[in-house]
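Counting from 1 along the sequence shown, just add 53 to a position and that's the residue number in my numbering.
Cβ coordinates follow ideal geometry from the N, Cα and C atoms, glycine included.
Structure first, commentary second.
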Amino acid sequence: MRSIYPLLILLLSLTTIQAQENLYKQAWLEKWQNSKAYLIAIAEEMPDSLYDYKPTEREMSFEEQLQHINGNMEWLATTYFDKPEAEVSTATNSKERIIANLASSFDLIFETIKAYPEARFAEPVDFFAGEKSRLQILNLLQDHITHHRGQLIVYLNLNALKPPQYTGW
54 MRSIYPLLIL LLSLTTIQAQ ENLYKQAWLE KWQNSKAYLI AIAEEMPDSL
104 YDYKPTEREM SFEEQLQHIN GNMEWLATTY FDKPEAEVST ATNSKERIIA
154 NLASSFDLIF ETIKAYPEAR FAEPVDFFAG EKSRLQILNL LQDHITHHRG
204 QLIVYLNLNA LKPPQYTGW
């Protein structure tokens, strides 16, 4: 009977580790969905006629900010998580096209990360800022969006448009 105790302890330890990994992944996926909804709400708030707005000449326009966010998401996810290329919208209205492309990218990244083995998050990858783990790249995906989304909120405010209510978690 005593020989079964070490086995039970090991089993419980592995279950706890697996639950912690799943907890992180589930929290990230939930945050990702909220990030998508919030960014798209911001993109929808800006009128088509102001998509070329930029506060200063050296800044990106509202449209360029959104395209930059999407391009970075696509690059990080296809390079470091084997995400398939997103379908690109061909809508002639740039606002509609950009929102469709963002939604497509967010959805494919969600599905890619949902299916991605948690054990691979610890793997080191070559990155222009030095070796990073896939977990660090996953966090960068979210952080980069947050950085530029904050700028977009300023653009809305400078045009007397009320930003959507923040949705964090």
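Check: If we call anything under 8 Å between Cβ atoms a contact, is I198 one with I151?; Outcome: no
Check: Near L161, what residues of its chain come up, given a Cβ to Cβ distance below 8 Å and the 5 sequence neighbours on each side ignored?; Outcome: A130, K136, P137, A139
Check: Where DSSP assigns a beta bridge to P177, which residues make up the other side?; Outcome: S186
Check: Are the segment 210-218 and the segment 90-109 touching by the rule of at least three beta carbon pairs closer than 8 Å?; Outcome: yes
Check: On a Cα-Cα basis, can you pick out the residue from A172, D179, N210 that is closest to N75?; Outcome: A172
Check: Tell me the residue span of the alpha helix (DSSP H) that contains E149.; Outcome: 147-168
Check: May I ask which residues mark the beginning and end of the alpha helix (DSSP H) holding Y106?; Outcome: Element bounds for Y106: n/a, residue is neither H nor E.
Check: When the distance is taken between beta carbons, is Y169 closer than 8 Å to F134?; Outcome: yes
Check: Can you grab the Cα-Cα spacing for the pair M113 / A175, in whole Å?; Outcome: 34 Å
Check: Just verifying my parser: in three-state terms, what is the DSSP assignment at T199?; Outcome: helix
Check: If we ignore side chains and look at the alpha-carbon of each, how far apart do A72 and D179 end up?; Outcome: Note on A72: pLDDT 49, under 50, position unreliable in the model; no value is reported.
Check: Using only the alpha-carbon positions, how far apart do A153 and P177 sit?; Outcome: 32 Å
Check: Tell me whether K13 sits in a helix, a strand or coil according to DSSP, three-state version.; Outcome: Here the chain covers residues 54 to 222 and nothing more, so residue 13 does not appear.
Check: Relative to the C-alpha of Y208, which residue among T132, Y106, E184 is closest?; Outcome: Y106
Check: Nearest to K89 by alpha carbon, out of S142, L103, N212, S158?; Outcome: S158
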